[in-house]
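Worksheet: one structure, shown below.
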Amino acid sequence: MPSPPRVLVLDGPNLNLLGVREPELYGSDSLADVETLCRQTTARHGPEAYFLRSSHEGALIDAVHSARSGAAGIVVDASGCTHTSIALRDALAAVERPVVEVHITHVQRREAYRRRPYVAEVADATIAGAGIHGYALALTHIAHLLEKSAR
Numbered sequence: 001m002p003s004p005p006r007v008l009v010l011d012g013p014n015l016n017l018l019g020v021r022e023p024e025l026y027g028s029d030s031l032a033d034v035e036t037l038c039r040q041t042t043a044r045h046g047p048e049a050y051f052l053r054s055s056h057e058g059a060l061i062d063a064v065h066s067a068r069s070g071a072a073g074i075v076v077d078a079s080g081c082t083h084t085s086i087a088l089r090d091a092l093a094a095v096e097r098p099v100v101e102v103h104i105t106h107v108q109r110r111e112a113y114r115r116r117p118y119v120a121e122v123a124d125a126t127i128a129g130a131g132i133h134g135y136a137l138a139l140t141h142i143a144h145l146l147e148k149s150a151r
């Protein structure tokens, strides 16, 4: 029996501070809570999640490059890099895997500089404002896309 496809859950700068940093915006859930939710979601929907979080743009890009051969899809909350990193955007465009972008907050209702998400330009879908539940929605959508492409 083949092993289930793997989905990279990629988290950018400051997400290690979930539950501590600006809880009025980001809530009280931690990054460990996100990972638990992702594992519960993938247990129901098939693909296996694996995780990388970094505050370093190059590490995020290297993870995307590695996903070309090691992942069936990517869920990404690039945090502030979504608004600043053309290099991360280009790496995601080149990966040739389904990409779903997640934002815990509703970025279109926030500061003007957050309204230019480079990552969204290459993502198959963007989920914003659903809190950490957005990760579960993103993984469910990746599973749907993988199932659809397998047909």
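Per this note's numbering, residue 1 is the first one in the sequence shown, and the count goes up by one each step.
We put the CB at the ideal spot given by N, CA and C, even for glycine.
Here DSSP, grouped into helix, strand and coil, assigns Tyr26 to helix.
Residue nearest to Leu146 within the set Pro98, Ala87, Ile127, Ser79 is Pro98 (criterion: CA-CA distance). In this structure Glu101 is buried. Its beta-carbon is surrounded by 16 or more other beta-carbon atoms within 10 angstroms. In chain order, His83 place their CB closer than 8 Å to the CB of Arg116, counting only its own chain and leaving out the 5 sequence neighbours on each side.
The Cβ atoms of Val95 and Ala67 sit closer than 8 Å to each other. In the DSSP assignment, Thr126 forms a beta bridge with Glu101.
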